[in-house]
Structure formats: structure tokens, C-alpha cells
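Those letters in the sequence shown? Residues 1 to 411, by the numbering used here.
All C-beta atoms in this analysis are idealised placements derived from N, C-alpha and C, irrespective of residue type, glycine included.
Because the structure is a prediction, the values reported are computed rather than measured.
Working notes for the structure below.
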Amino acid sequence: MQERVIVGIDVGTTKICVLVGELDRDGKMNIVGVGTCPSQGLRRGVVVNIEETVTSIAAALDRAERLSGKKITTAYVGIAGSHIASENSKGFVAISPSHRDIVQNDISRAIEVARAIAIPANREVIHVIPRGYVVDGQEGIKNPIGMSGFRLEVETHIITGAVSSIHNLIKCVQKARVEIEDLVLEPLASSEAVLADGETDLGVALVDIGGGSTDIAVFSDGAIWQTVVLPIGGNLITSDIAIGLRLPFGVAEELKLTYGHCDPSAISDDDMIDLAQFMPNCDDLVPRKLLAEIIQARVEELFEMVHEEIRKSGYDGLLPAGLVLTGGSAELPGIQGLAGQILDLPTRIGSPLGLHGLADSISRPAYATAVGLLQWALTHTSFLIDEDEPEDNGLMSFASRFGRWLRAFLP
Ligand SMILES: Nc1ncnc2c1ncn2[C@@H]1O[C@H](COP(=O)(O)OP(=O)(O)OP(=O)(O)O)[C@@H](O)[C@H]1O
Ligand SMILES: [Mg+2]
């Protein structure tokens, strides 16, 4: 066993964040490098300009390399965007009469069957996540290896994305001279960083409100049930402010970050914002209550959409652990109360947990995805496990999956 360096790259709509984690001998992850850079070239989580995206990724990589003193060659990369779709699928297989005890190969065969859903040619599978197993009708089994049975059934959550969007992201990372170890759906990464085991067991919805999109992941019985990406995020709140107050986007963004609030009733009528601090030649005053009204309207609409998605997932009223809000826009004051009120659920703000090393700068909701990428790597890859120990995390082998991608994507 030796120390391992793991790198996560969150390619967000507003920022690129590269984290370098070093896994010590006890399996503890120390953050030894952070590189962030404002992002160019993405819209709503999807690459729309290759050159700009590559330049942004390269700048963030450069910063992380300087800080950590490590050369970055491979990374776990987050993927999102409204091209993402998900569905639950079951697969079952007979257990060979010669052994009757379930082995890893039986699980892999069952997952292969579940995976064989009809996927259009322009879509590609990103994750096949086993939610649980049924052995001879006995439900709720998390790890069936070693159990006896005749029939093994797996319930999986399958996440797919548009081939072109996946391909463009892979291309950008490779052009920045980094090989991808795994692509991870961003809300799944974020949930690794901010959710507690007890919450996913009870039933919880993670809502990651970024700049370009809002990602929802609904968990129950400790496993993912539904993932949705909504094409609306903090940038739209800023646009509303820019339009409503007739200000340039950059000034509207500053105004939101400094004085934004989701609850106008918490702001007094005579609280005025002097615009001169953002625009030296301007002596206008803006009522802070008006700013909060603009923000509240958009955030309310956003949570109505989130509520609708949770209703569609069939889990309305079935999420005792409630909502966990993360992503940069979760830092808006008053957002917790507004979400709780609209969805009628207990709500909290999720910041990345369990950080060591350079934790101060990244223990905020905006870094949930980046931190979660490292944790995903830790949970789903056997870094500290002996090579010949069987892989029992039930995930489809990445080597086989990514090998297939590479063959599909590389010239
Ligand atoms: N303190 C704050 N108050 C209000 N909004 C904030 C605050 N901090 C960040 N934001 C908003 O959060 C958004 C960026 O969030 P985040 O960094 O999670 O996005 P991203 O990962 O780059 O984008 P996406 O996930 O949508 O691709 C921006 O719209 C920004 O204005
Ligand atoms: Mg994000």
C-alpha cells in the first residue's frame, strides 16, 4: 500500500475547480492542492466552446499544480447538463446449479442484463448504479455475495447523457493534457460530499444550485432513486437583477453576492444600497428590499420546479430527511427558509464534510462537487485494497466501461 494522489475536476458553468487529494496510509484524504478559475466556454453545464473551456481548465490545473507541487496526469471529472437522463431498470439471472452461492460474476451478469435497456444511438450510459438486490424473492439485500439462491435480481439506476456533450467534455479535459479516470455525474459527487448515510437511508433530496443549472438527486433506502438536471441556476437570478434594475450583468452579480437575500420581509424599507461602490460614476440608490423581491421571485419559481420533479419521482411526502441545498447559490441568505416553505420539508444547507488539509477555502457549498469527486473516487475505487481482493462495490468495472467509451470516441 502506498500513498495515492487523486484529482477531481469540477467543470462548472461559472468556475472550474481542481482539487488534489493525497490519500495517507490510514485512508484519510488530505487536500494538498486547490486551483479555481472563472469558467468560460460552458452554458448550463455543457461545453459550447472547446477552446475557451480548455483554456479555463488548463488555468485551474496550473494553479492546483503550483500549490500542490504535483504534476496532474489523471483526474475524476464531473459531468452535468440538461442532456442527462436517468431511469431505473431491473435485471435478473439464474445462479449456476454447480455453485449456488452468489459470486461477483453473477452480480456482473445481472447488471449487464439491467443495463441492456434500449438506448438511442445518440446517448451513452454514464453510470449503472445497483440500488439493491433480490435473491429468490427476498428484497432489500445490499450485498448478495456468498448468499445461496436460484435467482438473483438487481435493481439499477441508469444515467445516460448525449454522446456529443460527453465527447466534448472528454475532449476538453484531454486537450488540457489530463486523462479521465472516471466521469461522475455532478449531483452524485455533491451528495458524496454533503449527505450523511442516515439521510440517504431515510429518504432525502439533494439540490445543487450552481450558476447554470440545478441538479437534483433523490435518495431512498441508502441508494439513488432519481436524478434530474434543471437548466436554471444562479446566473438566471443575476440576469433578473440586471434586467429589473437595468444594470450590467457584472454589477448585478456583485449586488447579489454582497446584498442578496431571498426574503424581502427580513429587509427594512429604508435599507438602501449605494451603487457607487460597484460603478464609480453612478450615484443611484437601490432599495435592498426590491433586490430581495427580484431574487425571491426567481428562487420561488426554481423551488416550484424542484417540487414538481420530486412529485414526478413519486417521493413527494416520502423524504423524512428533507432537502439538502448545496452549490454556490445555496449561499444566498434566506434560501433555506424559502425552500422549506415551498416544499414543506425540513431543509438544511450542505457544506462539504470531513475535509483535511487545505480545508478552509473549500468547506463551502460551491465546492461540494469538487470535494465529492475525490470522495467518489475513494468510495468507488479500491485504492487501498490488495489487487487480488475481489472488487465488491457492485459497480460495473470502470475499465470495461471506459474502454468501451474510448473505443467509441477516439479516432
Ligand atoms: N454568497 C452567494 N450568494 C448568492 N449567490 C452566490 C453566492 N456565492 C455564489 N453564488 C452563486 O452561485 C453560482 C455559482 O455556483 P457554483 O460555483 O456551484 O456553480 P458552477 O458549479 O460553476 O455551475 P454549474 O454547477 O451550474 O455548472 C453563481 O450564480 C453565483 O452567483
Ligand atoms: Mg456545479
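Residue i (DSSP reduced to helix, strand or coil)
i, result
"residue 188", "helix"
"residue 17", "strand"
"residue 249", "helix"
"residue 219", "strand"
"residue 435", "The structure shown does not extend to residue 435, since the chain spans only 1 to 411, so no value can be given for it."
"residue 363", "coil"
"residue 285", "strand"
"residue 122", "coil"
"residue 58", "helix"
"residue 147", "coil"
"residue 326", "strand"
"residue 388", "Residue placement at residue 388 is flagged as unreliable, the pLDDT there being 38, under the threshold of 50; the coordinate-derived value follows with that caveat. Coil."
"residue 196", "coil"
"residue 259", "helix"
"residue 48", "coil"
"residue 317", "coil"
"residue 347", "strand"
"residue 42", "strand"
"residue 357", "strand"
"residue 342", "helix"
"residue 237", "helix"
"residue 224", "strand"
"residue 332", "coil"
Cβ shell of residue i (< 6 Å), same chain only, five flanking positions each side left out
i, result
"residue 21", "6, 29, 31 and 374"
"residue 165", "46, 81 and 83"
"residue 262", "295, 296, 299, 332, 334, 335 and 338"
"residue 389", "Residue confidence is low: residue 389 scores 37 on pLDDT, short of 50, so the model does not pin down where it sits. No coordinate-derived value is stated."
"residue 77", "9, 173, 180 and 183"
"residue 186", "78, 80, 215 and 369"
"residue 87", "158"
"residue 366", "328"
"residue 273", "259, 286 and 288"
"residue 202", "320 and 321"
"residue 412", "An answer regarding residue 412 cannot be provided, because it is not within the stretch 1 to 411 covered by the chain."
"residue 75", "7, 9 and 178"
Per DSSP, the bridge partner or partners of residue i
i, result
"residue 90", "155"
"residue 37", "16"
"residue 179", "74"
"residue 22", "5 and 30"
"residue 214", "209 and 230"
"residue 272", "287"
"residue 85", "160"
"residue 130", "156"
"residue 103", "BP columns for residue 103 are empty, so no partner."
"residue 10", "17"
"residue 299", "In DSSP, residue 299 forms no bridge with anything."
"residue 135", "138 and 152"
"residue 204", "219"
"residue 424", "For residue 424 there is no data in the structure shown, the boundaries of the chain being 1 and 411."
Close beta carbons around residue i, own chain, < 7 Å, minus the five adjacent residues each side
i, result
"residue 204", "195, 219, 319, 321, 322 and 324"
"residue 106", "93, 95 and 152"
"residue 267", "261, 288, 289 and 292"
"residue 276", "282 and 283"
"residue 48", "41 and 42"
Nearest-angstrom Cβ-Cβ length linking residue i and residue j, presumed shorter than 8 Å
i, j, result
"residue 293", "residue 248", "Not quite, the Cβ-Cβ distance comes to about 20 Å (not below 8 Å), so this is no contact."
"residue 279", "residue 251", "6 Å"
"residue 224", "residue 364", "That belief does not hold up - the Cβ atoms of residue 224 and residue 364 are roughly 24 Å apart, past 8 Å."
"residue 163", "residue 123", "6 Å"
"residue 42", "residue 11", "7 Å"
"residue 206", "residue 326", "7 Å"
"residue 161", "residue 126", "5 Å"
"residue 135", "residue 129", "So it is not a contact: roughly 19 Å between Cβ atoms."
"residue 89", "residue 117", "5 Å"
CB contact below 8 Å: residue i versus chain C
i, result
"residue 120", "Here there is only one protein chain, and chain C is not present."
Same chain, Cβ closer than 8 Å to residue i, five either side skipped, listed in chain order
i, result
"residue 44", "13, 81, 82, 212, 213, 231 and 233"
"residue 39", "11, 12, 13, 14, 15, 16, 53 and 56"
"residue 198", "321"
Cβ-heavy atom distance, residue i to ligand 3, below 7 Å
i, result
"residue 221", "By its list of ligands, the structure shown excludes ligand 3, since it contains just ligand 1 and ligand 2."
Counting pairs of beta carbons, one from the stretch 283 to 301 and one from the stretch 310 to 320, are three or more of them closer than 8 Å?
no
- Query: Are there three or more Cβ pairs, one per stretch, closer than 8 Å when the stretch 256 to 263 is compared with the stretch 225 to 232?
  - Reply: no
- Message: Could you check whether the stretch 340 to 354 touches the stretch 300 to 311, counting it as contact only if at least three pairs of C-beta atoms, one from each stretch, sit closer than 8 Å?
- Response: The stretch 340 to 354 is in contact with the stretch 300 to 311.
Under 8 Å: do the stretch 15 to 32 and the stretch 68 to 78 share three or more Cβ pairs, one atom per stretch? yes
> Three or more beta-carbon pairs under 8 Å between the stretch 97 to 105 and the stretch 145 to 152, yes or no?
Replying inline: Result yes; three or more Cβ-Cβ pairs closer than 8 Å.
Do the stretch 354 to 373 and the stretch 232 to 246 touch if we need at least three Cβ pairs shorter than 8 Å?
-> Put simply, the stretch 354 to 373 does not touch the stretch 232 to 246. Fewer than three CB pairs are less than 8 Å apart.
Tell me whether the stretch 154 to 164 and the stretch 328 to 338 touch, counting them as touching only if at least three CB pairs, one residue from each stretch, are closer than 8 Å. no
Evaluate the contact criterion for the stretch 212 to 224 versus the stretch 180 to 192: three or more CB pairs, one atom per stretch, below 8 Å. yes
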